[in-house]
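Beneath this line is the structure, given in structure tokens, with notes to follow.
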Amino acid sequence: MPRWGSETVAHDPAAQNGTALNGGSAANAAQAQAQGEVLIRARGVNVAFGAKKILENLSLDVRRGEILGFVGPSGAGKSVLLRTILGLNPKQGGKIEVFGIDYHQASEREKLSVERRWGVLFQQGALFSALTVAENIEVPMREYLDLSPKLMRELTRLKIDLVGLAPDAADKYPSELSGGMIKRAALARALALDPEIVFLDEPTSGLDPIGAADFDQLIMTLRDTLGLSVYMVTHDLDSLFQACDRIAVLGDRKVLIEGPLSTMLQSDHPWVRSYFHGKRARTVVTDHGTAAQPMPSDGAA
Ligand SMILES: Nc1ncnc2c1ncn2[C@@H]1O[C@H](COP(=O)(O)OP(=O)(O)OP(=O)(O)O)[C@@H](O)[C@H]1O
Ligand SMILES: [Mg+2]
3 MPRWGSETVA HDPAAQNGTA LNGGSAANAA QAQAQGEVLI RARGVNVAFG
53 AKKILENLSL DVRRGEILGF VGPSGAGKSV LLRTILGLNP KQGGKIEVFG
103 IDYHQASERE KLSVERRWGV LFQQGALFSA LTVAENIEVP MREYLDLSPK
153 LMRELTRLKI DLVGLAPDAA DKYPSELSGG MIKRAALARA LALDPEIVFL
203 DEPTSGLDPI GAADFDQLIM TLRDTLGLSV YMVTHDLDSL FQACDRIAVL
253 GDRKVLIEGP LSTMLQSDHP WVRSYFHGKR ARTVVTDHGT AAQPMPSDGA
303 A
């Protein structure tokens with residue numbers, strides 16, 4: 003069974019049930035696509051560690067207001083690309099513009115202005131273990147803003163509320179939180195500076211299906227209410243089917259294919275096909291009510 007229940011909504015506009023939230027999603031996605039404003043533009047990116055090439059001639063766009071799902075085999079380089087976009091990995095070639103600025107070539111001042119406009123939830127080490135949740139959320143505020151302790155505390159309280167944590171989570175340490183609460187707290191920290199785009203690396207991994215569905219719903223709500231753009235690295239088929247407006251697949255060191263779910267379902271690339279038409283996917287697809295047919299040459303039931 004896919005992890006969303008009957009009350010949740012489908013990605014495909016044709017299959018939507020008309021809830022206000024979902025209507026908003028569709029409208030936002032359509033608006034963003036109509037606007038076509040590209041927030042992240044990667045062209046011809048090459049990244050290698052020593053002789054080992056990880057990314058080669060990779061190109062990708064992320065548009066304002068969309069939730070882009072980024073998938074690919076484990077070890078393909080999804081986190082490396084994310085870290086490269088964020089300037090944490092050097093690249094050997096190509097260009098990455100963020101908000102129209104070539105971050106890798108930017109002055110310190112320009113870099114700061116870009117960093118204030120994005121938020122990140124890393125795959126590893128989501129929170130500082132020696133700091134409380136509130137202190138974790140305050141880290142970017144201290145780094146980039148000059149706020150009074152009182153105002154910081156107030157903003158932190160709002161972020162905690164925004165991600166659906168109880169107020170008393172503020173003074174807890176990460177070791178006192180469940181996995182789902184840690185993800186939410188890390189999201190609150192990623193949202194600390196009211197970013198225009200958040201980068202999420204496997205945000206639902208390790209969550210139970212209901213917790214993961216709740217997290218996806220939260221991301222969609224934030225996209226709809228705050229106009230947030232989302233770059234989400236994920237292996238989670240449910241997230242891809244439920245939450246993502248577009249999907250990009252990393253393989254052979256580059257983006258093999260990008261587009262809406264329907265494009266993925268029609269692709270005959272072997273990895274894309276086995277991922278989106280594999281046994282696990284088929285359960286999701288069938289329950290989802292979209293393109294439940296196996297590929298024409300796919301003999302398996
Ligand atoms: N700093 C580094 N130095 C050397 N090799 C690295 C470094 N960072 C990543 N790699 C290598 O780059 C490759 C891609 O790693 P990456 O973490 O991007 O994979 P991924 O697609 O995110 O996988 P997963 O889905 O398992 O998270 C791996 O072979 C990894 O060992
Ligand atoms: Mg990774």
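Just so we're aligned, residue 3 is where the sequence shown starts under the numbering used here, counting upward by one. C-beta: ideal position from N, C-alpha, C; glycine also.
So methionine 183 and leucine 167 are in contact, right, with Cβ under 8 Å, and what is the actual spacing, rounded? That belief holds up - the Cβ atoms of methionine 183 and leucine 167 are roughly 6 Å apart, short of 8 Å.
Tell me the DSSP secondary structure of alanine 1 in three-state form. No answer is possible for residue 1: the residues shown for the chain start at 3 and end at 303.
Just how far apart, CA to CA, sit leucine 258 and valine 251? Rounded to the nearest angstrom, the two C-alpha atoms are 6 Å apart.
When you compare the CB positions of proline 205 and threonine 236, do they come within less than 9 Å of one another, or not? Using a Cβ distance threshold of 9 Å, proline 205 and threonine 236 count as a contacting pair.
Below 8 Å, is the gap between the Cβ of asparagine 48 and the nearest heavy atom of ligand 1? False, no ligand heavy atom lies under 8 Å from that Cβ.
Please state the DSSP three-state secondary structure of leucine 41. Three-state DSSP puts leucine 41 in a strand.
Looking at the strands, I want to know which residues DSSP matches up with tyrosine 277. Paired residues: none, contrary to the question.
Sub-9 Å separation of valine 135 and proline 176 beta-carbons: Contact: yes.
Contact test: isoleucine 56 Cβ vs ligand 1 heavy atom, cutoff 8 Å: Yes, Cβ of isoleucine 56 sits closer than 8 Å to a heavy atom of ligand 1.
Would you mind stating whether glutamine 94 and alanine 50 have Cβ atoms separated by less than 9 Å? In this structure, alanine 50 lies closer than 9 Å to glutamine 94 by Cβ.
From the DSSP output, which residues share a beta bridge with asparagine 48? In the DSSP output, where bridge partners are listed per residue, asparagine 48 has Gly95.
Beta carbon of glycine 38, beta carbon of glycine 96: below 9 Å? In this structure, the beta-carbon distance from glycine 38 to glycine 96 does not fall below 9 Å.
What residue range does the alpha helix (DSSP H) around serine 81 cover? Counted as a single uninterrupted DSSP element, the alpha helix (DSSP H) harbouring serine 81 occupies residues 80-87.
By the 10 Å Cβ neighbour count, where 16 or more other Cβ atoms means buried, how is glutamate 156 classified, buried or exposed? Exposed is the call here.
I need the DSSP call for leucine 90, collapsed to helix, strand or coil. Coil.
Secondary structure at arginine 65, three-state DSSP: helix, strand or coil? Note: arginine 65 maps to strand in three-state DSSP.
Nearest-angstrom Cα distance between glutamate 145 and glutamate 117? As the crow flies, the alpha-carbon of glutamate 145 is around 10 Å from that of glutamate 117.
Pick from Val100, Pro75 and Gly213 that is closest to leucine 62, judged by C-alpha positions: With distances taken between Cα atoms, leucine 62 lies closest to Val100.
Report the start-end ranges of each alpha helix (DSSP H) in the segment 92-146 that is 4 residues or longer and not cut off at the edges. Annotation: the segment 92-146 contains the following complete segments of the alpha helix (DSSP H) (minimum length 4 residues), in chain order: 110-117 and 135-146.
Serine 115 to methionine 222, Cα distance in whole Å? Counting only the Cα atoms, methionine 222 lies some 26 Å from serine 115.
For aspartate 240, does the three-state DSSP call read helix, strand or coil? Looking at aspartate 240 - three-state DSSP - the assignment turns out to be helix.
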